[in-house]
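The next block holds one structure in the form of C-alpha cells; read it before the comments.
Numbering (the UniProt record's numbering), first residue to last: 1 to 296.
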C-alpha cells in the first residue's frame, strides 16, 4: 500500500484503539443487527471476500459496511476495536484485526520495541477473541542494519512470549509480507522465504503470514508457485494491481482469476481482502468489479 497513506491510517486506528482503552467493558454486541438489501449477484462461495478499510477511507465505516454487505463480503480488514460494534451490527467480521502494532517500521525484529509490543498484544489478543475474531496483524519492522539471522532471532524472542496467550484465545498472529523495493524500503519481512523461516522457527499454528500479492509480485514474482509451495504458512491474502496499487483489472499485469484458483486449490478457508487504491471516482463500482474478478 501507499507508505504515507497506510502509516496515516494506522496512526488513526491506533489512536482510536487507545481512546477506548482495554478496560472499556467491550460492547460490540450493543447495536441491533441490520439486514441489507443485496443488489449484487450471488457469489460462488469458493473465496471468502473482504476489503481493507483504509483503501476506502473516504467512506465512513457505516457506509462501507452497508456496501460491503450488499456485495456479499464477509468482513472488513484492518479494523480495530472502536469500530467492531458497527461491523457486528451489519453481520460482518473484522477479518484482520489491528491496533496492537506500533507502526510498520518499529516491529518485532528490534528488541527495543518488545516491551511496548508485548504489552499491546497482550491486551489486544483477549479483545480479539472476545469479539469472536481470529486474526491479529503484526509486522517485522525495518532492518536498520540487522541481518536476517538477527531479525529472525529477535522476532522469535518477542513473539514466543505471545504465542501461549494467542493459543489460549485461539487467535493467530499474522505477519504481513511487504515489498521493500517500492513502498516500504528497508522492511525486513519482504520475502516469502523470510517469513516462512520465521514460521518454522516459531513452530506454532498461532503464527502465520499475510501474503500480499501486490507486494510479493514486486519483490519476488512467481506468485502462483510460491503460494502452492508455502500455503501452509499463509493465513490471509491481500490484493492490488501491479504496478500502481490500483484496480486489479486489465490495466495491470497480474491475472487474478488464476491466482484465486491457485489459492482455492490449496484448500484455503481464510479471507482474501481487496487492498487496492481505487482510481475510479465510483469506488464501490471498482470494489464490485474486483470481487467479480476474484470470485472464481
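Ideal placement from N, C-alpha and C gives every residue a C-beta, glycine not left out.
Q. Under the three-state reduction of DSSP, which class applies to residue 153: helix, strand or coil?
A. helix
Q: Note down, in chain order, each residue of its chain lying with its Cβ closer than 7 Å to the Cβ of residue 203, except the 5 sequence neighbours on either side.
A: none
Q: Using beta-carbon positions only, say whether residue 76 and residue 92 come within less than 8 Å of one another.
A: yes
Q. When burial is assigned at 16 or more other CB atoms within 10 Å of the CB, is residue 144 buried or exposed?
A. It counts as exposed.
Q | Selection from 52, 43, 123 that minimises the alpha carbon distance to residue 100 | A | 123
Q: Pair every Cβ in the segment 276 to 289 with every Cβ in the segment 78 to 95, then say whether three or more of these pairs are closer than 8 Å.
A: no
Q: Determine, using beta-carbon pairs with one atom in the segment 167 to 177 and one in the segment 131 to 142, whether at least three such pairs fall under 8 Å.
A: yes
Q: Note down the Cα distance separating residue 38 from residue 291, rounded to an integer number of angstroms.
A: The predicted model places residue 38 with a pLDDT of 47, which falls under 50 and marks its position as unreliable; any figure quoted below should be read in that light. Between residue 38 and residue 291, the C-alpha separation is close to 15 Å.
Q: Within the same chain, show all residues whose beta-carbon is closer than 7 Å to that of residue 159, passing over the 5 residues directly before and after it, in chain order.
A: 108, 173, 202, 207
(Q) Taking 8 Å as the threshold (C-beta atoms), are residue 192 and residue 226 in contact? (A) yes
Q | Classification of residue 69 by the beta-carbon crowding that lies within 10 angstroms, buried from 16 upward | A | buried
Q. Do you know how far the Cα of residue 185 is from the Cα of residue 118?
A. 25 Å
Q. Quick one: what's got a C-beta closer than 6 Å to residue 210's C-beta in the same chain, skipping five residues either side?
A. The beta carbon of residue 210 lies closer than 6 Å to those of 174, 176, 236 in the same chain, with the five residues before and after it left out.
Q. For residue 51, which residues does DSSP report across the bridge?
A. 76, 274
Q | Buried or exposed (CB count within 10 angstroms, at least 16 for buried), residue 240 | A | buried
Q. Alpha carbon to alpha carbon, what distance is there between residue 231 and residue 293?
A. 21 Å
Q.
Buried or exposed, going by whether 16 or more other CB atoms sit within 10 Å of the CB of residue 30?
A. Confidence in residue 30 is poor, its pLDDT being 46 and thus under 50, which makes the residue's placement too unreliable to answer from.
Q: Label residue 247 either buried or exposed according to how many other C-beta atoms from any shown protein chain fall within 10 Å of its C-beta, with 16 as the threshold for buried.
A: buried
Q) What does a CB cutoff of less than 7 Å around residue 258 pick up in its chain, not counting 5 residues either side in sequence? A) 224
Q.
Spatial neighbours of residue 44 within its chain, please: C-beta separation below 8 Å, excluding the five flanking residues on both sides.
A. Hits under 8 Å: 295, 296.
Q) residue 212 lies in the alpha helix (DSSP H); which residues open and close that run? A) For residue 212, there is no enclosing alpha helix (DSSP H); the residue is found in the beta strand (DSSP E) stretching over 207 to 212.
Q: Go through its chain and collect everything with a Cβ distance to residue 162's Cβ below 8 Å, but skip five positions before and after it.
A: 118, 121, 122, 125, 173
Q: List the residues that DSSP assigns as beta-bridge partners of residue 236.
A: DSSP, once it has assigned bridges, lists 210, 271 as partnering residue 236.
Q: Measure the alpha-carbon distance for residue 219 versus residue 288 and round it to whole angstroms.
A: Approximately 28 Å, taken between the alpha carbons.
(Q) Output needed for residue 102: all residues of its chain with C-beta closer than 7 Å, excluding positions within five of it in sequence on either side, in chain order. (A) Cβ contact annotation for residue 102 (same chain, cutoff 7 Å, sequence separation greater than five): 113, 116, 117, in chain order.
Q.
Contact defined as beta carbons within less than 8 Å: I believe residue 87 pairs with residue 49. What is the distance between those atoms, to the nearest angstrom?
A. In fact, because the Cβ distance is near 15 Å, the residues do not count as touching under 8 Å.
Q) DSSP three-state call for residue 135: helix, strand or coil? A) strand
Q) Between residue 90 and residue 229, what straight-line distance do the alpha-carbon atoms span, to the nearest angstrom? A) 36 Å
Q.
Measuring only the C-alpha atoms, how far is residue 283 from residue 67?
A. 11 Å
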